[in-house]
Amino acid sequence: MPNGMISFRGVSKRFPNAAQPAVEDLSLDIEEGETVVLVGPSGCGKTTTMKMVNRLIEPTSGSILVDGRDVLQQDPVALRRGIGYVIQTVGLMPHRTVAENMATVPRLVGWDDARTRTRVEELAGIFRLDRELLDRYPAELSGGQRQRVGAARALAADPPVMLMDEPFAAVDPIVRASLQDQFLDILRRLRKTVVFVTHDIDEAIKMADRIVILNRGAKVEQFATPEEILRAPANAFVEGFVGAERGLKRLALIRVADVGSGEGPVVSPSDDAGVARRAMAAFGSDWASVVDGGRLLGWVDGPALDGRSSVGEVAPRPFAATVTARSSLRQALDAIVTSKARMAVVVDEDGRYEGVLSIERISQEIS
Amino acid sequence: MSVATLAAEPLVRWSWVGSHLDLVRSRFLEHIELTVLAVVIGFVISFPLAVYAHRHHRVYAPITFVAGLLYTIPSLALFVLLIPLTGLSVESAEIGLVSYTLLILIRNIVAGLAGVPEDAKEAARGMGYTNRQLLWRVEVPLALPVIVAGVRIATVTTIGLVTVTALIGKGGLGYFILLGLQQFFPTPTVLGSVLSVALALAADGLLLWAQRLVTPWARVRQPVRVRGAA
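Note that the protein sequences, when read in sequence, are chains Z and F. Using our numbering, read the first sequence as starting at 109 and increasing by one per residue. Using our numbering, read the second sequence as starting at 78 and increasing by one per residue.
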């Protein structure tokens with residue numbers, strides 16, 4: 109029985125005239141529906157590994173199973189039509205319109221015009237491509253648009269498996285971040301099994317369900333979730349490759365919801381000044397969140413209450429930043445270091461007070 | 078007619094042209110036929126050779142060496158040398174004419190195919206194009222501007238060369254050029270030359286127009302700005 113959607117079994121690839129094998133005795137199981145990112149220094153064999161899945165490169169030995177079937181036993185042309193393929197330079201057909209490009213695989217496998225047209229329009233919607241772009245030629249598109257057309261084309265015939273070779277390396281950093289977010293969203297929603305190649309560890313951390321860190325000869329140094337790789341790098345190679353700021357990178361992967369919020373000093377506008385001071389003192393704090401009927405109004409501090417009889421007489425000051433359960437700990441940390449309160453205040457989507465997060469709680473999480 | 082009387086002769090004697098219109102028309106058509114036949118046969122020979130050379134780089138040098146050798150033979154000599162083999166015939170004319178198209182066509186077809194973006198080919202292969210589909214649906218369409226450029230040069234060259242075949246009794250408009258030279262009578266020479274040049278220009282323009290018609294994508298270069306342009 110196969111263990112996953114894509115299984116490498118003792119796969120090696122030796123190119124003619126090469127001193128070292130590009131891939132040596134690689135075994136790897138990729139589960140259905142997960143995005144696995146192959147990452148490593150240039151020349152580590154990550155692209156070769158990926159291209160053996162759709163037989164653009166033939167393994168020298170070993171076997172590769174896709175959905176339980178050995179790819180070497182299949183007709184390469186039929187195999188490739190069933191696997192989405194996206195490359196760094198996109199490779200759109202310059203002589204075909206955007207719609208024709210997206211219809212490539214449906215046409216190859218013989219869909220009729222109506223079904224193809226419907227699918228193209230559906231994809232344009234998924235990838236937020238303006239309808240007026242459909243009849244344009246690729247040369248008329250921006251880099252980000254081309255990249256989205258390339259991915260839409262790869263998904264056109266709804267293949268269960270997608271191979272993506274540095275798909276965002278050729279676009280500028282701002283567009284890249286936005287494309288990464290869109291793709292994460294789309295790939296999760298469509299539950300595709302994705303093999304994604306990059307040399308950028310930060311991209312790998314962002315995109316992956318699991319990361320394979322490869323060394324020369326496609327030697328697997330570690331195969332784990334991004335969080336685990338950052339928390340417990342398997343060896344010096346992984347540690348070096350992951351680079352500095354491991355703690356910060358990990359914070360980006362943990363949600364406030366994963367940690368939960370703690371109790372903090374809270375007062376209500378109807379509290380009198382004495383009650384408010386005691387509420388602050390209970391947390392060793394000189395400030396408190398002002399919450400009225402669940403809603404966070406802002407904060408007050410001790411000095412502001414001097415000469416006042418109740419909290420309601422003071423206008424609450426707004427927090428510079430608040431976070432929600434969906435925010436990352438990295439965002440929470442940012443809220444902490446930029447606020448005078450030295451706390452991140454957690455609210456829900458409707459601005460209702462949930463609690464606070466302290467820097468001690470965050471460092472406890474990653475140490 | 079002597080050289081002295083030639084000096085007094087007008088460049089074009091329109092009455093002569095008017096009385097030979099039928100002959101002009103038939104020679105003009107013959108010129109087109111010889112040209113089209115040569116370019117079409119040349120293309121039919123060149124295309125498979127060029128595709129083969131494109132796929133197997135080792136054979137490119139020997140193929141272009143042979144085609145280049147043919148190209149260097151002086152046209153006058155070639156047509157005369159062919160007479161003992163194929164006589165004063167269309168075959169003799171076409172063997173020569175076709176020979177001269179090969180180098181131009183093979184070089185341009187290979188250059189066109191070589192210029193097809195590597196990423197488009199890789200993507201096509203990765204999506205499951207067969208080699209045949211890759212050739213006809215990706216490589217040839219994308220090579221078309223360069224291939225047609227070769228056909229245009231070959232056509233213009235052939236239209237000029239056809240006149241030389243007048244020496245072996247063919248020649249289209251070359252008949253008039255030769256007639257004028259033999260009789261020291263400028264009218265037919267000027268007529269044949271002018272029509273030959275006009276035909277070359279017209280053929281070149283027609284091919285360019287046809288190429289633009291079938292490759293609308295080749296003129297698009299500017300990214301458009303629309304909503305959602307990320």
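Virtual Cβ for every residue (Gly too), placed ideally from N, Cα, C. Note that the structure is a prediction, hence the values are computed from the model and not measured.
query                                                                                                                   : result
The region 218-236 of chain Z in contact with the region 280-288 of chain F per 3-pair CB rule at 8 Å                   : no
At least three beta-carbon pairs within less than 8 Å, the region 171-182 of chain F to the region 131-150 of chain F   : yes
In DSSP terms, what Val399 (chain Z) is bridged to                                                                      : Z:Leu404
Residues bridged to Phe304 (chain Z) [DSSP beta-bridge criterion]                                                       : Z:Val145, Z:Met272
Beta-carbon proximity check, Ala259 (chain Z) vs Val228 (chain Z), cutoff 9 Å                                           : no
Same chain only: Cβ atoms within 8 Å of Pro202 (chain Z), ignoring 5 sequence neighbours per side                       : Tyr245, Pro246, Ala247
Candidates Z:Arg256, Z:Val398, Z:Glu371, Z:Arg460: closest to Val383 (chain Z) by CA position                           : Z:Val398
Through-space distance from Ser169 (chain Z) to Arg468 (chain Z), alpha-carbon basis                                    : First, the residue type needs correcting, since residue 468 (chain Z) is Glu and not Arg in the sequence shown. Approximately 52 Å, taken between the alpha carbons.
Residues sharing a beta bridge with Thr235 (chain F), DSSP                                                              : DSSP lists no partner for Thr235 (chain F).
Under 9 Å between C-beta atoms of Arg308 (chain F) and Ala201 (chain F)                                                 : A question about residue 308 (chain F) goes unanswered here, because the residues of chain F that appear run from 78 up to 307.
Close Cβ partners of Asp409 (chain Z) (< 6 Å) along its chain, the five nearest in sequence each way excluded           : Asp394, Trp395
Distance between Ala352 (chain Z) and Ala449 (chain Z) (C-alpha atoms, nearest Å)                                       : 29 Å
Three-state class that DSSP yields for Thr242 (chain F) in the structure shown                                          : helix
Inter-residue spacing [alpha-carbon to alpha-carbon] between Arg304 (chain F) and Ile195 (chain Z)                      : Caution applies to Arg304 (chain F), whose pLDDT of 47 falls short of 50 and renders its modelled position unreliable; the model cannot decide the point.
Met109 (chain Z), buried or exposed, once every other Cβ within 10 Å from all chains shown has been counted against 16  : For Met109 (chain Z), the predicted structure reports a pLDDT of 41, less than 50, and the residue's modelled location is therefore unreliable. A value from the coordinates is still provided. Exposed is the call here.
Where Tyr245 (chain Z) sits in the DSSP three-state scheme                                                              : coil
Chain Z within 9 Å of Val225 (chain F), Cβ atoms only                                                                   : no
Option in F:Val274, F:Gly248, F:Ala277, F:Val271 with minimal Cα separation from Ser103 (chain F)                       : F:Gly248
Coil, strand or helix - Asp414 (chain Z) by DSSP                                                                        : coil
Given Pro377 (chain Z) as reference, the closest of Z:Gly355, Z:Ile444, Z:Leu405, Z:Arg438 once Cα atoms are compared   : Z:Leu405
Backbone CA spacing between Ile236 (chain F) and Pro293 (chain F) [nearest angstrom]                                    : 28 Å
Beta carbon proximity, Met201 (chain Z) to chain F, threshold 9 Å                                                       : yes
Members of the region 189-214 of chain Z that neighbour chain F once the beta carbon cut-off is set at 9 Å              : Arg189, Gly190, Ile191, Gly192, Tyr193, Val194, Ile195, Gln196, Thr197, Val198, Gly199, Leu200, Met201, Pro202, His203, Arg204, Thr205, Thr212, Val213
Alpha-carbon spacing of Gln288 (chain F) relative to Ala126 (chain Z), whole angstroms                                  : 44 Å
Beta carbon proximity, Ala306 (chain F) to chain Z, threshold 9 Å                                                       : Its pLDDT being 40, under 50, Ala306 (chain F) is placed unreliably by the model, and the measurement read from it follows with that caveat. Chain Z contact via Cβ: present.
Pairwise C-alpha distance: Ser152 (chain F) and Pro87 (chain F)                                                         : 31 Å
The region 134-151 of chain Z touching the region 316-329 of chain Z, judged by at least three CB pairs closer than 8 Å : yes
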